[in-house]
Each structure stands twice: as structure tokens, then as C-alpha cells.
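Note that our numbering numbers the sequence shown so that position 28 is 14, with each residue one more than the last.
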Amino acid sequence: MTAQQPLQVVPIATVVGGHTEVLDDYQGGVESVIRLHDTYPPDEMFQGLEEFSHITVTWHFHLARPEDVHLHARSPRNNPRWPATGPLAHRNHRRPNQLAITYPRLLDIDGHDLLVTDLDAVDGTPVVDIGPYFTAMGPRGPVREPAWPAEMLTNYWADADSR
């Protein structure tokens, strides 16, 4: 078996506005802009995207440090009530490549800007990919998960003004 070669990924956009600090909950109801970098022609890049209610956004936890990565099992949010799980069973910045995927609602397109709501990335976050959300590409068959994610995320999409 050969060693993996590094993959170079260059951000195509940046989050502007919205959340200004990293928080575990109350991510809902906040509007932000995903600003496409000037090297990309927005009319061509965004053509047809306005027909979708939601988009898929892949972004980098840019405020995390490489030493934040944990390669061992631990309880989510360090809560001992929840079972220790490996880093690939978490959705946080402690994952090996510190990448996240979110499905915000697309509100408008204006030039290089996508106006979205419910994007759980902070101002200044590099965006490495954007795509439409296709319902047909969502999970197939019954979805199974343990009880702890629902308990942990009870307030995740609560309106940020509720803080």
C-alpha cells in the first residue's frame, strides 16, 4: 500500500457576516453571505442555482488549529452521559481534515454573493465547494442513529436570538 498524497484544495468563496463566534448551539435564523471569489464568473457559476431552496456547502474550520485534531475516541462535547466515539463519528473541528458540510437555505443571489440562512460557519470561513441540494441524493432507506445526537443537538438550530 502506498502513502496518501496530499490533496490541495483552494477555497472558491468566503463567508461574510453571519455568526461571529464559534458556538455549539443556536445556529438558526442567522443570515450570511457566501461570496464567490472574483476569479470565478458568477453568472456562469451560479446559473440555475436559484431554482434550489437549499445548497450544499463544504467549508474549512479555519479557526481550528492542527493540534485540535483528535484521533482517539471521546465523548461528544466531553459529556460523560454520551458514549465515547471516534473522530469520524463526530461533526466538529477535531476531525482529521477539519472540513464541514452544511445545507443552508438559499435566499437570494446577487452578483458574487449567495445570501443564505442557517449556515453554521462563521464570518471569514473559507468555502471549498458549493452545490445544489438534491433530495434524490439524500439518504436512501431508513436512517439509523443513536439517541445522543438528537439530545446533543436539541438547541443546535434554535433561533440565535434565543441565546
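Yeah, the Cβ is synthetic: ideal placement off N, Cα and C, and Gly gets one too. Everything numeric in this text was worked out from a predicted model, so none of it was measured.
Status (buried if at least 16 other CB within 10 Å, exposed otherwise) for residue i
i      : result
GLY4   : buried
PRO66  : exposed
LEU100 : buried
PRO62  : buried
SER39  : exposed
Continuous alpha helix (DSSP H) stretch holding residue i: start and end
i      : result
GLU137 : 134 to 138
PRO28  : 28 to 31
Nonlocal neighbours in the same chain, by C-beta distance under 6 Å from residue i, ignoring five residues either side
i      : result
ASP106 : GLN13, THR88
GLU36  : ILE95
HIS79  : PHE47, ALA50, ASP54
ASN83  : none
SER142 : For the sequence presented, residue 142 should be read as Tyr rather than Ser. Answer for TYR142: ASP11, GLN13, listed in chain order.
Close-in-space but distant-in-sequence residues of the same chain around residue i (CB under 8 Å, 5 per side omitted)
i       : result
THR0    : ILE20, ARG21, HIS23, GLY110, THR111, PRO112, VAL113
PRO(-3) : HIS23, HIS46, PRO112, VAL113, VAL114
DSSP-derived helix/strand/coil call for residue i
i      : result
PRO128 : coil
SER18  : strand
PRO112 : strand
ARG63  : helix
THR118 : Note on residue identity: the sequence assigns Pro, not Thr, to residue 118. Looking at PRO118 - three-state DSSP - the assignment turns out to be strand.
LEU57  : coil
ASP147 : helix
LEU35  : helix
Segment limits, beta strand (DSSP E) that includes residue i
i       : result
THR44   : 41 to 46
ASP96   : 91 to 96
ASN(-1) : The sequence given here has Ala at residue -1, not Asn. -1 to 2 is the span of the beta strand (DSSP E), which, as asked, contains ALA(-1).
ALA75   : Element bounds for ALA75: n/a, residue is neither H nor E.
VAL8    : Where VAL8 is concerned, there is no enclosing beta strand (DSSP E), given that its DSSP letter is neither H nor E.
LEU(-7) : Counting along the chain, LEU(-7) falls outside any beta strand (DSSP E), and DSSP gives it neither H nor E.
THR88   : 85 to 88
THR25   : It is not in any beta strand (DSSP E) - THR25 carries neither H nor E in the DSSP assignment.
LEU100  : 99 to 103
Contacting residues, own chain, Cβ-Cβ under 7 Å from residue i (five flanking each side not counted)
i      : result
PRO132 : none
Evaluate the contact criterion for the segment 89 to 99 versus the segment 67 to 77: three or more CB pairs, one atom per stretch, below 8 Å. no
With contact counted as at least three CB pairs below 8 Å, one residue from each stretch, are the segment 118 to 126 and the segment 27 to 45 in contact? yes
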